[in-house]
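Per the UniProt record's numbering, numbering of the sequence shown is gapless, rising by one per residue and ending at 124. The beta-carbon is built from N, C-alpha and C at its ideal position, and this holds for glycine as well. One structure is given here, and the rest of the page talks about it.
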Amino acid sequence: MQRSEKHYSDDKFWDKLKKFGKKAGASVVYAVLLLYYTLQKPEVPKKAKAVIIGALGYFILPVDLLPDMMLGIGFTDDLGALGVALFQVAMYIDDEIKGKAKTKLADWFGQDVDTADIDEKIGR
């Protein structure tokens, strides 16, 4: 994931999310948003931010292990990288971050998105 850090920028992040968010699905988008909003917190240590930037950089990466265009499985590797990062920074994900992520998720997918699976996995 360290090599993918150079691919991260806010503009690339939002461009990729807007372009592929619906195709990626609510779980991937929720994981991405949790990491993005955690990255914005000034009190999160640099080491944790480096993990987040690596995972988000991998998400943005134009060429990855499984091309994002592959129907049904294209975002599987992205979700794996995002999941690893979520576990590593879960202690910094609070209710405020979850609220921001869920609000943005509802904008794209509607109010009935179930985030319980990811919330349980990160222990919050």
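Between the Cα of residue i and those of the options, spot the shortest distance and give me the residue it belongs to.
| i | options | result |
| --- | --- | --- |
| Y36 | K49, D112, E43 and D95 | K49 |
| D10 | K98, F59 and E120 | F59 |
| residue 130 | K121, G21, K19 and K18 | There is no way to answer for residue 130, as the model of the chain reaches only from 1 to 124. |
| V32 | D95, K41, K16 and P45 | K16 |
| V84 | I52, P45 and A24 | I52 |
| K41 | G110, D95 and Y8 | D95 |
| L39 | K19, M91 and G110 | M91 |
Near residue i, which residues of its chain fall below 7 Å by C-beta distance, leaving aside the five closest residues on each side in sequence?
| i | result |
| --- | --- |
| V113 | A26, L105 and A106 |
| Y30 | A101, L105, T115 and I118 |
| Y8 | I53, L56, G57 and I60 |
Round the Cβ separation of residue i and residue j to the nearest angstrom and send it over; I've been treating them as touching at under 8 Å.
| i | j | result |
| --- | --- | --- |
| F87 | L56 | The Cβ separation is near 15 Å, so there is no contact. |
| L82 | V28 | 7 Å |
Between residue i and the rest of its own chain, which residues show a CB-CB distance below 8 Å, the 5 nearest in sequence each way excluded?
| i | result |
| --- | --- |
| L34 | L86, I93, I97, K98, A101, I118 and I122 |
Excluding five sequence neighbours on each side, which residues of the same chain lie with their C-beta closer than 6 Å to the C-beta of residue i?
| i | result |
| --- | --- |
| W108 | G21 |
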